[in-house]
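These notes are about the structure you will find just below.
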Ligand code: PRP
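In our numbering, the protein residues as written are 770 to 945.
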């Protein structure tokens with residue numbers, strides 16, 4: 770695929786991402802050795818990371834999805850995100866790993882974790898590919914982190930700009 774004109778630079782290419790995804794999968798295998806884990810992907814952005822990560826994990830897994838409302842980040846709205854698609858599966862007493870593409874303010878993940886905890890999982894861990902740490906507004910516990918990223922508008926590997934560019938095989942910064 771040709772790089773779109775709006776792309777400023779590639780932060781992580783396919784081979785860097787693949788290597789890191791494998792490393793995270795190995796960590797999850799070790800942490801939940803001999804057990805089963807429910808991978809909960811956060812729609813829509815996590816769909817590619819989840820697809821690749823789940824195929825690298827060797828222990829037994831099940832999949833589910835959750836979605837939170839966007840809350841107008843561009844306008845710096847202080848509104849709290851809400852769950853717009855809840856889990857389909859029962860997670861009480863199960864090991865759960867929430868899989869996110871990026872954590873920015875942390876507000877989305879915070880709401881997701883609050884919601885999941887109500888269902889009383891056995892263990893709950895959080896796996897994010899990209900950690901935009903400097904933008905954090907609320908403390909969220911991250912157990913597996915792919916890469917720390919700068920405060921730039923990022924696209925590709927699931928991340929979008931107006932729903933475009935999710936299918937780029939790399940993570941890139943858009944021109945300002
Ligand atoms: C993105 C991303 C996270 C959230 C992170 O989702 O996938 O869910 O924003 O931002 P926060 O830490 O400031 O809450 P978005 O709302 O853009 O939806 P999408 O995944 O469908 O692209």
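We put the beta carbon where it would ideally sit given N, CA and C, even for glycine. Quick caveat, the model's predicted, so the values are computed rather than measured.
Thinking residue 893 and residue 924 are a contact (beta carbons under 8 Å), I'd like their distance in whole angstroms, please.
-> 29 Å between Cβ atoms; not a contact.
Beta strand (DSSP E) segment containing residue 778, residue limits | 776-781
Pairwise C-alpha distance: residue 834 and residue 794 = 19 Å
Please report the Cβ distance between residue 902 and residue 874, rounded to the nearest whole angstrom; I am assuming they are in contact, meaning their Cβ atoms lie under 8 Å.
-> Rounded, the Cβ-Cβ distance is 11 Å, inconsistent with contact.
Rounded to the nearest angstrom, how far is the Cβ of residue 911 from that of residue 940, given a contact under 8 Å?
-> So it is not a contact: roughly 17 Å between Cβ atoms.
Per DSSP, cross-strand counterpart(s) of residue 858 = DSSP lists no partner for residue 858.
Going by the C-beta, is residue 839 closer than 7 Å to any heavy atom of the ligand PRP?
-> yes
Less than 8 Å separating the beta-carbons of residue 909 and residue 880?
-> no
Compute the minimum distance between the beta carbon of residue 877 and the heavy atoms of the ligand PRP, and state whether it is under 7 Å.
-> yes
Is residue 772 helix, strand or coil by DSSP?
-> coil
Cutoff 6 Å; reference residue 806; Cβ partners in own chain excluding five residues on either side | 830, 864, 866
Distance CB(residue 918)-CB(residue 896) smaller than 8 Å = no
Name, in chain order, the residues that DSSP records as bridge partners for residue 786.
-> BP columns for residue 786 are empty, so no partner.
Straight-line Cα distance separating residue 931 from residue 854 = 20 Å
For residue 953, which beta-bridge partners are listed by DSSP?
-> The displayed coordinates of the chain run from 770 to 945. Any statement about residue 953 would go beyond what the structure contains.
From which residue to which residue does the alpha helix (DSSP H) around residue 821 run?
-> 816-825
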